[in-house]
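Have a look at the structure below, then the notes.
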Amino acid sequence: MTETIVLGKGLLRSADAPLEWNAGVAIEEGAIVELGANEDLIQRHPACDVLDAHGLVLCPGFVNAHMHAYGVLAHGIPIRDVPGGFDGFLKGFWWPRVEDRLDHRMIGAAFELACIESIRAGVTTFCDVLEAPWVADGSLSVEAEIAERAGIRVILCVEASERHGSAVGERALAENERFVKNVSPHPLIDGMQCIHTSFTCSEDFVRRAKESADRTGCGIHLHLSESSYEPAEALRRYGIRPTPWYDGIGFLDGSVLASQVVDVDAEEIDCLARRGVRVVHMPLSNCEVGGGIAPVPDMIERGLRPGLGSDGYLNDPFDVMRGAFLLHKANCRDSSVMPSRTVWSMATSWGAAAAGHPELGVLAPGHPADLIGIDPVTDTPVTTENVLDQFLLYRRGAHVQLSMVAGRTLLLGDELITMDEGSVRKRVRQEAERLWGATND
47 MTETIVLGKG LLRSADAPLE WNAGVAIEEG AIVELGANED LIQRHPACDV LDAHGLVLCP
107 GFVNAHMHAY GVLAHGIPIR DVPGGFDGFL KGFWWPRVED RLDHRMIGAA FELACIESIR
167 AGVTTFCDVL EAPWVADGSL SVEAEIAERA GIRVILCVEA SERHGSAVGE RALAENERFV
227 KNVSPHPLID GMQCIHTSFT CSEDFVRRAK ESADRTGCGI HLHLSESSYE PAEALRRYGI
287 RPTPWYDGIG FLDGSVLASQ VVDVDAEEID CLARRGVRVV HMPLSNCEVG GGIAPVPDMI
347 ERGLRPGLGS DGYLNDPFDV MRGAFLLHKA NCRDSSVMPS RTVWSMATSW GAAAAGHPEL
407 GVLAPGHPAD LIGIDPVTDT PVTTENVLDQ FLLYRRGAHV QLSMVAGRTL LLGDELITMD
467 EGSVRKRVRQ EAERLWGATN D
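In the numbering used here, the protein residues as written are 47 to 487.
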């Protein structure tokens with residue numbers, strides 16, 4: 047018997063589907079079994095529990111395909127005496143004053159807030175990359191326990207590099223492999239292998255990381271050409287750009303999730319598409335670090351289907367979508383690029399595929415019941431023709447009034463069901479003050 051029917055004011059099955067008025071979803075055992083008109087669902091499932099969301103448009107949950115949950119601790123942190131440029135920011139500030147100072151208490155508090163902010167804003171799945179080289183051991187278990195309690199779907203990894211030596215990097219690789227083996231199979235939590243970049247990892251190290259991912263059957267993440275710094279370093283060290291370097295050592299295939307992908311040329315884009323590499327775009331954080339604007343329209347034209355990520359910077363998915371919608375129009379001087387349907391796909395089905403979950407990002411029978419409800423009351427009418435533009439441009443995370451993962455309600459109205467938001471925000475402030483104090487040593 048169907049357990050629950052959710053009755054909506056409207057239903058948007060995917061970015062490519064038309065808006066259906068007065069329609070909803072029937073859910074059994076965490077999966078969608080039927081979609082259609084509210085009246086029909088009520089008639090066919092008379093004994094079901096009913097969740098009345100008549101004021102909301104039901105949509106697939108958003109996927110944040112690249113997140114650094116710990117990043118919230120650095121929001122507003124004073125930046126003093128930092129060299130210019132992307133590499134100056136990393137080496138003079140971010141690595142020594144943030145990543146290298148993290149401990150499990152800080153990581154846990156920040157991750158709790160990431161879960162809360164995601165649920166409230168309509169993100170039902172996120173891929174988190176933890177960059178904490180000195181406390182890699184056990185850190186993913188800290189995050190997994192919180193994610194399980196929150197009820198959100200996550201993909202977790204800790205970043206490995208050799209910037210503190212190969213032994214520290216090997217510990218991170220081992221943590222990822224151990225976590226992947228221990229967490230599987232879990233209905234909501236996955237792990238993956240992860241390296242940093244070609245300028246913090248040797249060829250030998252990169253090969254061992256890929257062998258680990260292949261051995262455990264998981265994906266592998268890396269940051270790829272977030273700015274002009276990595277291509278310049280690769281040319282200096284190896285005489286070729288990063289993408290052909292990775293390809294030349296047999297690294298690139300469909301198990302790879304490449305984030306950022308800002309400074310890539312046409313040949314690199316073609317290579318990524320040819321190898322089936324999954325990519326994720328961070329329009330806002332790429333601006334914040336001065337990395338540049340990724341050639342996303344060219345990627346799409348060449349067959350790539352990028353997801354969207356917040357990078358732990360501005361985590362409201364509506365902000366991120368607006369960034370992707372607007373930045374490329376200005377950069378290309380063409381208002382027709384990156385239409386709302388494309389950007390909405392990036393935030394849902396494309397992002398789900400990038401994160402390794404192609405079954406997510408659409409509402410269809412047999413698919414997990416990961417869905418959200420958005421308040422559609424805007425100053426001007428929402429219609430079948432304009433719904434994606436209206437929502438993308440004029441809604442925010444605060445307009446999400448329902449969030450469900452695998453059929454479990456995590457947010458209803460303004461009520462967060464699974465987490466104590468007040469105590470979490472208090473802990474985050476305490477841990478941020480502790481981190482900020484440490485940076486003044």
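Positions of the beta carbon are idealized from the N, C-alpha and C atoms, including for glycine.
**Asked** Nearest to residue 260 by CA position, among 169, 302, 425 and 60, is which residue?
**Response** 302
**Message:** Here's the rule I'm using: 16 or more other beta-carbon atoms within 10 Å means buried, otherwise exposed. How should residue 423 be labelled?
**Reply:** Around the beta carbon of residue 423, fewer than 16 other beta carbons lie within 10 angstroms, which makes this residue exposed.
**Prompt:** Alpha carbon to alpha carbon, what distance is there between residue 385 and residue 292?
**Reply:** 32 Å
**Message:** residue 152 and residue 119 - do their beta-carbons sit closer together than 9 Å?
**Reply:** yes
**Request:** May I have the straight-line CA-CA distance separating residue 186 from residue 155, to the nearest angstrom?
**Result:** 13 Å
**Request:** Helix, strand or coil for residue 73, going by three-state DSSP, please let me know.
**Result:** strand
**Item:** Beta-carbon separation (whole angstroms), residue 245 vs residue 212, contact threshold 8 Å
**Value:** Going by Cβ atoms, the distance from residue 245 to residue 212 rounds to 15 Å, so no, they are not a contact pair.
**Message:** Let me make sure I understand the geometry here. Which of 171, 400 and 189 has the alpha-carbon closest to that of residue 300?
**Reply:** Cα-wise, what sits closest to residue 300 is 400.
**Asked** For residue 53, does the three-state DSSP call read helix, strand or coil?
**Response** In the three-state DSSP reduction, residue 53 falls in the strand class (E or B).
**Request:** Determine contact between the stretch 122-142 and the stretch 412-423, defined as no fewer than three beta-carbon pairs at a distance below 8 Å.
**Result:** no
**Asked** Do residue 239 and residue 222 come within 9 Å of each other at the CB atom, strictly closer than that value?
**Response** yes
**Asked** So is residue 472 buried or exposed if we call it buried at 16+ other beta carbons inside 10 Å?
**Response** Result: exposed.
**Message:** For residue 280, count the other beta carbons within 10 Å of its own beta carbon; 16 or more makes it buried, fewer makes it exposed. Which is it?
**Reply:** buried
**Prompt:** With a CB to CB cut of under 6 Å and the five nearest residues on each side skipped, what residues in its chain are close to residue 367?
**Reply:** 389, 393 and 438
**Request:** Please confirm if the stretch 56-72 is in contact with the stretch 99-115, defined as three or more CB-CB distances below 8 Å between the two stretches.
**Result:** yes
**Message:** Taking contact to mean 3 or more Cβ pairs, one atom from each stretch, closer than 8 Å, check whether the stretch 449-458 and the stretch 466-482 are in contact.
**Reply:** no
**Item:** Segments assigned alpha helix (DSSP H), at least 4 residues, entirely inside the stretch 213-287
**Value:** Taking 4 residues as the shortest admissible run, the stretch 213-287 contains the following complete alpha helix (DSSP H) segments, listed from N- to C-terminal end: 249-262 and 275-284.
**Asked** Alpha carbon to alpha carbon, what distance is there between residue 464 and residue 158?
**Response** 11 Å
**Message:** So, under 8 Å CB-CB, residue 188 and residue 235 are touching, yes? Tell me the CB distance rounded to an integer number of Å.
**Reply:** Residue 188 to residue 235, Cβ: 13 Å. No contact.
**Request:** Please name the residue in 71, 131 and 322 whose C-alpha comes closest to that of residue 88.
**Result:** Checked all of 71, 131 and 322; the closest Cα to residue 88 is 71.
**Message:** Between 77, 49 and 86, which has its C-alpha nearest residue 67's C-alpha?
**Reply:** 86
**Prompt:** Does DSSP put residue 470 in a helix, in a strand, or in coil?
**Reply:** helix
**Prompt:** Where does residue 110 sit, in a helix, a strand or coil, going by DSSP?
**Reply:** strand
**Item:** For residue 487, three-class secondary structure by DSSP
**Value:** Any reading at residue 487 must be qualified, since the residue scores a pLDDT of 48, below 50, and its modelled position is unreliable; no value is offered.
**Asked** For residue 93, which of helix, strand or coil comes out of DSSP?
**Response** In this structure, residue 93 counts as coil in the three-state DSSP scheme.
**Request:** Please state whether DSSP places residue 379 in a helix, a strand or coil.
**Result:** coil
**Request:** Would you mind giving the Cβ-Cβ distance between residue 83 and residue 355, rounded to the nearest angstrom? I have them listed as a contact below 8 Å.
**Result:** Contact flag wrong, Cβ pair sits at about 36 Å.
**Asked** Where does the unbroken beta strand (DSSP E) through residue 174 begin, and where does it stop?
**Response** For residue 174, the uninterrupted beta strand (DSSP E) run begins and ends at 169-176, by DSSP.
**Prompt:** Taking C-alpha atoms, which residue in 52, 331 and 267 lies nearest to residue 98?
**Reply:** 52
**Asked** Taking C-alpha atoms, which residue in 341, 333 and 380 lies nearest to residue 359?
**Response** 333
**Asked** Roughly how many whole angstroms lie between the Cα atoms of residue 369 and residue 309?
**Response** 18 Å
**Any beta strand (DSSP E) of 3 or more consecutive residues that is wholly inside the stretch 403-467** = 417-420, 446-451 and 454-458
**Message:** Please state whether the Cβ-Cβ distance between residue 462 and residue 195 is less than 9 Å.
**Reply:** no
**Prompt:** Under a three-way DSSP split, which group does residue 58 fall into?
**Reply:** coil
**Request:** Output yes or no for whether 9 Å exceeds the beta carbon distance between residue 230 and residue 269.
**Result:** no
**Where the alpha helix (DSSP H) containing residue 389 begins and where it ends** = 386-393
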